[in-house]
Amino acid sequence: MKIDYYAYHSGMTKWNAGFKVLLAVGTLLMVIVFNRVRISLFAILVMSGLTLIAGRLPIRTYAHYLTIPFAFMLLSSVMIAVDFAGTPKGDFNFSLWFFYVCVTRQGIATAAQVLLKAFAGMSALYMMAFSTPMGEFICVLQNLHLPGLLVELMHLIYRYIFILLETAERMQTAAKVRLGYGSLRQGFRTFAGIAGNLFILSMQKAERYYDALAARGYDGKLEFLREQRPVSAGQLAGAAAYIAAIIILGRFTR
Amino acid sequence: MTKLQKNVWKASIAIALALSVCPVSNAMHIMEGFLPPALCIAWGVVCLPFLVKGLINLKKIFAENRRAVTLVAMAGAYVFVLSALKIPSVTGSCSHMTGTGFSAILFGPSVTSILGIIVLVFQAILLAHGGLTTLGANTFSMAIAGPLLTYGIFGLCKKLKVNKNVSIFLAAALGDLFTYCVTSVQLAIAYPSASGGVAASALEFLGVFAPTQLPLAVIEGILTVLIMMAMESYARPELKAIGYGR
Amino acid sequence: MSRIREELLKTRDLSFAYEDKTVLQNINVTIYRGERIAVMGPNGAGKSTFFLNLNGVLTPGQGEIFLEGRKLEKKAFHELYKKVGFVFQDADSQIIASNVRAEISFGPMNLGLSKAEVQRRVEAAFDYMDLQELKDRAPQYLSGGEKKRVSIADILAMESELLIFDEPMAALDPVNAKLVEQIIDRLHTDGKTLLIATHDVDFAYRFADRLLVFSEGALLADGPPEEIFQKQEVLEKAHLKKPAVMQVWEALTGKESLQTDFVPRTVDQLTAYLSQTVK
């Protein structure tokens, strides 16, 4: 949950949330629509630059988070590159009993392209995630006129997640002190005990939390004061230049 | 070493490497940027009717009892936290439960679809599992298809009077397996194999993720049973209150 | 006390049952403007339920509620939150927004005020509770004491006349407990009417000018603290003990507190008196 912490302490926290979301989602869309290596590279460059320089995220932290999706990406990319066939029809073929593992140059190129696209996607998502507190993100969704019920649940769930996490952490520490994770079998039992207890606790808390909402006049509508943060002319100009660059890279170069 | 041995050896290194990276999310979220735009939209559209149904049901629940708002929100937060807790394991690699199976058994598939999509958005943003463009595909596999199967199996077992713990295990484990199958098919549709098309590609994806996903499905099943047992020993009346009293 | 006692809130024969269990039975209490009332009694005696009834969250099964002398219609009960603010014991169960500013604005927003007025009240609450530096922070990264201050600011921003605190010092470290006590004193000086549930007899003795003691859903005693702390049967039934200052004073004077002209309520008053006599 460290990403959440960084979102409140980023150099870009005070930027307009809608602007950041639009920039990230716009980048995501352009990257997957154009599907070209140079655009992916350009997006990685700009998005990472924003996160590291404007957002002042330590580079080691950023690198650590970029490796999270690594396992999935690696396995999936390998599968995209590799093909199984009865005859050796790839550019490189490995015989396995009665079939061949074939790798074509085309396959490798596709895999690399997908990998880069995924990294570009992650860099755009991270630009937003590492700089936008969740509450503001939810407000952006609210402005997009998502169903009120959904938005309200998101607000509450986000808040409750931290309460439950804190409780779970305390329970886990207590279990560790009592050596509750000794063997795998014991570990499973302890895990389930914590999870079961946490569930009961969360249901009990829900009752009291409703009282607290009602005590302040909650009447089926969750509304908060929001700080207006205008987008600066510089930010707008930068975004326009960035989008123009991507379109030029995508359409007018070969 | 023969060529075959060499390749098997290489493959095992690759898998070991992949597994050593933490966390290997159980849920098999499709990562940001992995799907072409047409499929991003298509999977989102497929999810829509289920989500609309879920919202309508929730509205009905809240109209009857407004106090249910915090209860449902708590349930959503719980699913997120359950999927964020590290499962103890001997190998040191970290894996997680999906939690949606648990939710499907307790709250039914339509509420689970809404909680599921919210949890997936939070996982993408707070934990970097999954992504926004792949939200539709992930919602379908993890918040709709898996929970539906879980719910179906749990209901079927109840009709057939199967032992309750066995039915919980089967429902949770098979729901988890189904999620992983759907994800593999989703990837295969996006990246069909040159020689064998979607079917062959799906087999490839199933194969490569099997070493992690098969044991995890079993673990999900076992843990869901254990959690239910632990819960019952803590509080039966609370479980009755949320409609779980069989 | 030459001030005219203005009636703020009154209950008549208020009863409340949860499912088929009676939690409150025939509660008759009149709260006057500017009073400092400590509410005592063991857990489960009905204090929290009483508060939730006063605040409009729960609707009493029987009984009447009067606001400023006027009898309220039953359907107007839920609007009591506009006049009566309730600070919950556990700040975490009260805080719902994802940053401090939004959190404090929640109550005022529900009052249907204009944006500008909400803004003004939020700013005023920041200032009053010294929260200016925390206004963009998320609750999950605040300390226990900071969360408590936010939860008080939540209610201050609603500008209610009657403020209810449910065990405001529970689970706080001594520094923060003292801070909260100072805030409570300041609220009294600023004219708020205060109703505070507490298990701390010493705090109740130095803070309150009136004591309400609950036991098993009924109002066991209602009166000035120096009187009620003398009633052995009340203390026993409500699991209370005499405040330390009172015990020392009685041991020194050999008399019950009521029989002396001067009665110290706080440690400071007691030591001041002692140092004077010793000299």
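For the record, the sequence lines run as chains A, B and C. So the first sequence is numbered by this note's numbering: it starts at 13 and just counts up by one. So the second sequence is numbered by this note's numbering: it starts at -13 and just counts up by one. So the third sequence is numbered by this note's numbering: it starts at 2 and just counts up by one. Backbone N, C-alpha and C fix where the C-beta goes; we use that ideal spot for every residue, glycine too.
For residue i, is the classification buried or exposed, using 16 other Cβ atoms within 10 angstroms of its Cβ as the cut-off for buried?
i      : result
F264/A : exposed
H240/C : exposed
E104/C : buried
S107/A : exposed
R190/A : exposed
Y50/B  : Residue identity check: residue 50/B is Glu in the sequence provided, not Tyr. Exposed, because fewer than 16 other Cβ atoms sit within 10 Å of the Cβ of E50/B.
M13/A  : exposed
H15/B  : buried
S89/B  : buried
V31/B  : exposed
V105/B : buried
N29/C  : exposed
P201/B : exposed
W250/C : buried
Classify residue i as helix, strand or coil using the three-state DSSP reduction.
i      : result
G86/C  : strand
F88/B  : helix
P9/B   : Legend: pLDDT at P9/B = 39, less than 50; position of this residue unreliable, value from coordinates given subsequently. Looking at P9/B - three-state DSSP - the assignment turns out to be coil, as it is neither helix nor strand.
A83/A  : helix
N238/B : This structure cannot speak to residue 238/B, because chain B is shown only from -13 to 232.
R102/C : helix
K243/C : coil
R266/C : coil
T119/B : coil
F67/C  : strand
Y177/B : coil
R150/C : helix
R228/A : coil
A198/C : strand
F236/A : coil
V249/C : helix
K75/C  : helix
With 8 Å as the threshold, decide whether the Cβ of residue i is near any Cβ in chain A.
i      : result
M128/B : no
Q133/C : no
S3/C   : In this prediction, S3/C scores a pLDDT of 44, lower than 50, which makes its location untrustworthy; no coordinate-derived value is stated.
V58/C  : yes
P74/B  : yes
T138/B : One detail in the question is off: residue 138/B reads as Gly in this sequence, not Thr. No, its Cβ sits nowhere closer than 8 Å to a Cβ of chain A.
G132/B : no
T84/B  : no
R138/C : yes
P51/C  : The identity of residue 51/C in the sequence shown is Phe, whereas the question assumes Pro. It does not: the Cβ of F51/C has no partner Cβ on chain A nearer than 8 Å.
V123/C : yes
Does residue i have its Cβ less than 8 Å from a Cβ in chain B?
i      : result
V152/A : no
R201/A : yes
P81/A  : yes
P159/A : yes
Could you give the first and the last residue of the continuous alpha helix (DSSP H) run that contains residue i?
i      : result
N27/C  : Run containing N27/C: none in the alpha helix (DSSP H); it sits in the beta strand (DSSP E), K22 to Y33.
V54/C  : As written in the sequence, residue 54/C is Asn, which differs from the Val given in the question. Note, N54/C: alpha helix (DSSP H), K48 to L55.
N155/A : M146 to N155
G160/A : G160 to V189
G102/B : P95 to F108
N177/C : P175 to T190
Would you kindly report the start and end of the unbroken beta strand (DSSP E) that includes residue i?
i      : result
M41/C  : R37 to M41
G8/C   : It is worth fixing the name first, because residue 8/C is Glu in this sequence and not Gly. Here the beta strand (DSSP E) through E8/C covers E8 to Y19.
A97/A  : V94 to A97
I165/C : L163 to D167
G30/B  : Run containing G30/B: none in the beta strand (DSSP E); it sits in the alpha helix (DSSP H), P23 to E50.
L221/C : A219 to G224
V214/C : R211 to S216
Please confirm whether residue i has its beta-carbon closer than 8 Å to some beta-carbon of chain C.
i      : result
E164/A : no
P145/A : yes
R238/A : yes
Nearer than 7 Å: is that true of the beta carbon of residue i relative to any heavy atom of the ligand MG?
i     : result
K75/C : Because no ligand of any kind appears in the structure shown, any question about the ligand MG cannot be addressed here.
**Report entry** chain A contacts made by the segment 101 to 115 of chain C, where a contact means CB separation under 7 Å
**Finding:** R102, A103, S106, F107, G108, M110, N111 and L112
Query raised in the report: Of all the residues that make up the segment 214 to 229 of chain A, which are near chain B by a beta-carbon distance shorter than 8 Å?
Result: S214, M215, Q216, K217, A218, E219, Y221, Y222 and L225
Query - Near-chain C residues of the segment 170 to 184 of chain A - C-beta to any C-beta below 7 Å - result: Y170, R171, F174 and I175
**Report entry** Near-chain A residues of the segment 34 to 52 of chain B (beta-carbon distance less than 7 Å), N- to C-terminal order
**Finding:** L41, L44, K45 and R52
Report task. Using a Cβ-Cβ cut-off of less than 8 Å, give me the residues of the segment 152 to 180 of chain C that come near chain A, in sequence order. Result -> D155, I156 and M159
Report task. Name, going along the chain, the residues of the segment 89 to 116 of chain A whose beta-carbon falls closer than 8 Å to a beta-carbon of chain B. Result -> V90, M91, I92, V94, D95, F96, A97, K101, F106, S107, L108, W109, V113, C114 and T116
Query - Short-range partners of chain A found in the segment 106 to 118 of chain B, where Cβ spacing is below 8 Å - result: V107, F108, A110, I111, L112, L113, A114, H115, G117 and L118
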